[in-house]
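Participant:
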Amino acid sequence: KAGVTQTPRYLIKTRGQQVTLSCSPISGHRSVSWYQQTPGQGLQFLFEYFSETQRNKGNFPGRFSGRQFSNSRSEMNVSTLELGDSALYLCASSLGQGYQETQYFGPGTRLLVL
Amino acid sequence: GEDVEQSLFLSVREGDSSVINCTYTDSSSTYLYWYKQEPGAGLQLLTYIFSNMDMKQDQRLTVLLNKKDKHLSLRIADTQTGDSAIYFCAESTDSGNTPLVFGKGTRLSVIA
Numbered sequence: 001k002a003g004v005t006q007t008p009r010y011l012i013k014t015r016g017q018q019v020t021l022s023c024s025p026i027s028g029h030r031s032v033s034w035y036q037q038t039p040g041q042g043l044q045f046l047f048e049y050f051s052e053t054q055r056n057k058g059n060f061p062g063r064f065s066g067r068q069f070s071n072s073r074s075e076m077n078v079s080t081l082e083l084g085d086s087a088l089y090l091c092a093s094s095l096g097q098g099y100q101e102t103q104y105f106g107p108g109t110r111l112l113v114l
Numbered sequence: 115g116e117d118v119e120q121s122l123f124l125s126v127r128e129g130d131s132s133v134i135n136c137t138y139t140d141s142s143s144t145y146l147y148w149y150k151q152e153p154g155a156g157l158q159l160l161t162y163i164f165s166n167m168d169m170k171q172d173q174r175l176t177v178l179l180n181k182k183d184k185h186l187s188l189r190i191a192d193t194q195t196g197d198s199a200i201y202f203c204a205e206s207t208d209s210g211n212t213p214l215v216f217g218k219g220t221r222l223s224v225i226a
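Put into structure tokens, the structure is as follows:
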């Protein structure tokens with residue numbers, strides 16, 4: 001099976017712009033979670049989608065949003081970018097059935113905000 | 115709230131065993147994981163253990179769980195230079211439905 005894929009792998013934006021990142025989960029996985037990784041804060045949970053619905057949300061401002069499509073692919077959007085949004089954004093997929101599951105991560109999208 | 119703590123650095127000689135430690139605060143943690151991150155890469159799931167287990171062995175990896183002390187360890191036998199990476203401990207109370215809470219990661223350096 002192919003693993004979790006994320007596009008693009010690298011992105012450079014300027015403050016005030018918006019960005020959309022994409023994640024394709026492992027075939028058959030219906031849950032997609034997004035995490036932000038920074039040197040200072042480590043790995044922090046953004047949100048999780050299951051069957052096109054947001055099931056969990058972390059403590060991030062409303063500038064961070066996401067969605068999931070019927071084929072389980074997910075996108076996350078960050079509007080009005082700030083310098084502090086520079087990070088590695090990781091997506092993880094799982095079956096989503098909630099019992100003895102594991103999350104599998106993609107390679108991440110590295111976002112640099114100038 | 116939930117918190118996961120790890121030491122930041124560990125240095126070992128090639129061929130020795132590495133032991134990476136982790137403590138967590140949430141007594142309802144049900145699932146505990148170890149992930150590996152190599153430079154420029156995402157997270158690779160190494161192994162996991164459920165709270166009803168004390169130990170799990172998988173080839174060179176041994177995970178020990180002390181629920182009383184909320185302490186988790188990962189032992190890597192016969193450590194190789196390819197094991198150099200950052201190792202993250204993570205916990206979840208209900209895998210698949212709740213987010214993972216990660217430690218800050220332990221950077222393992224293997225000296226040849």
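Note that the protein sequences, when read in sequence, are chains A and B. The working numbering applies: residue 1 is where the first sequence begins, and numbers increase by one. The working numbering applies: residue 115 is where the second sequence begins, and numbers increase by one. Cβ coordinates follow ideal geometry from the N, Cα and C atoms, glycine included. Predicted model, so just to flag it, every value in this text is computed and none were measured.
#1: Measuring CA to CA, which of N71/A, Y10/A, M76/A and G3/A is closest to G62/A?
#2: For L90/A, would you say it is in contact with chain B, using Cβ-to-Cβ distances shorter than 7 Å as the test?
#3: Between the segment 152–164 of chain B and chain A, which residues of the former have CB atoms less than 7 Å from a CB of the latter, in chain order?
#4: For the 8 Å Cβ check, are there 3 or more pairs between the segment 82–102 of chain A and the segment 122–136 of chain B?
#5: What does DSSP give as the partner residue(s) for F64/A in the beta ladder?
#6: If I follow the unbroken beta strand (DSSP E) through D172/B, where does it start and stop?
#7: When burial is assigned at 16 or more other CB atoms within 10 Å of the CB, is P39/A buried or exposed?
#8: Going by the beta-carbon positions, is the gap between L90/A and F216/B smaller than 7 Å?
#9: Going straight from the alpha carbon of V78/A to that of L146/B, what length do you get?
#10: Using only the alpha-carbon positions, how far apart do E205/B and P153/B sit?
#11: Against chain B, with Cβ distances strictly below 7 Å, would P107/A count as a contact?
#12: Closest by CA to V4/A, which one among Q54/A, G84/A, N59/A and A92/A?
#13: Taking all protein chains shown into account, do 16 or more other C-beta atoms lie within 10 angstroms of the C-beta of Q37/A, making it buried, or fewer, making it exposed?
#14: Please compile the residues from chain A whose C-beta is within a distance smaller than 9 Å of the C-beta of Y147/B.
#15: Give the straight-line distance between the Cα atoms of D192/B and D172/B, rounded to the nearest whole angstrom.
#16: With H, G and I counted as helix, E and B as strand and the rest as coil, what does DSSP make of L295/B?
#17: Quick one: residues in its chain with C-beta nearer than 7 Å to the C-beta of D85/A, no 5 flanking neighbours on either side, listed in chain order?
#18: Please classify G96/A as buried or exposed, where buried requires at least 16 neighbouring CB atoms within 10 angstroms.
Facilitator: Once the coordinates are examined:
#1: As a position in the first sequence, residue 62/A is number 62, starting the count at 1. When only C-alpha atoms are compared, the closest one is M76/A.
#2: Counting from 1 along the first sequence, the entry for residue 90/A is found at position 90. Yes, its Cβ sits closer than 7 Å to a Cβ of chain B.
#3: Along the segment 152–164 of chain B, going in chain order, the ones with a CB nearer than 7 Å to a CB of chain A are A155, G156, L157, L159, Y162 and F164.
#4: With fewer than three CB-CB distances shorter than 8 Å, the segment 82–102 of chain A does not count as touching the segment 122–136 of chain B.
#5: Taking the first sequence and counting its residues from 1, one reaches residue 64/A at position 64. According to DSSP, F64/A bridges with V78/A.
#6: Counting from one through the second sequence, the residue named residue 172/B turns up at place 58. From DSSP, the beta strand (DSSP E) with D172/B extends over M169 to D172.
#7: Taking the first sequence and counting its residues from 1, one reaches residue 39/A at position 39. P39/A is classed as exposed because its beta carbon has fewer than 16 other beta carbons within 10 Å across all chains shown.
#8: Locating residue 90/A in the first sequence gives position 90, where the first residue counts as 1. Locating residue 216/B in the second sequence gives position 102, where the first residue counts as 1. No, the pair does not count as a contact, with Cβ atoms beyond the cut-off.
#9: As a first step, residue 78/A must be located in the first sequence, where it is residue number 78. As a first step, residue 146/B must be located in the second sequence, where it is residue number 32. If I take the Cα positions, the gap works out to 30 Å.
#10: Here residue 205/B refers to the residue found at position 91 of the second sequence. Here residue 153/B refers to the residue found at position 39 of the second sequence. A straight line joining the alpha-carbon of E205/B with that of P153/B spans about 23 Å.
#11: In the first sequence, counting from the first residue as 1, residue 107/A sits at position 107. When Cβ-Cβ separations below 7 Å define contact, P107/A makes contact with chain B.
#12: Locating residue 4/A in the first sequence gives position 4, where the first residue counts as 1. A check of alpha carbon separations from V4/A across Q54/A, G84/A, N59/A and A92/A identifies A92/A as the nearest.
#13: Locating residue 37/A in the first sequence gives position 37, where the first residue counts as 1. Under this definition Q37/A is a buried residue.
#14: Residue mapping note: residue 147/B aligns to position 33 of the second sequence, counting from 1. Correct list: T102 and Q103.
#15: In the second sequence, the residue the question calls residue 192/B occupies position 78. In the second sequence, the residue the question calls residue 172/B occupies position 58. Looking at the two C-alpha atoms, the distance is approximately 13 Å.
#16: Because chain B in this structure spans residues 115 to 226, residue 295/B falls outside the shown range and cannot be described.
#17: Numbered from its first residue, the first sequence carries residue 85/A at position 85. Answer for D85/A: V78, L111 and V113, listed in chain order.
#18: Locating residue 96/A in the first sequence gives position 96, where the first residue counts as 1. A buried status is given to G96/A, since no fewer than 16 other beta-carbon atoms sit within 10 Å of its beta-carbon.
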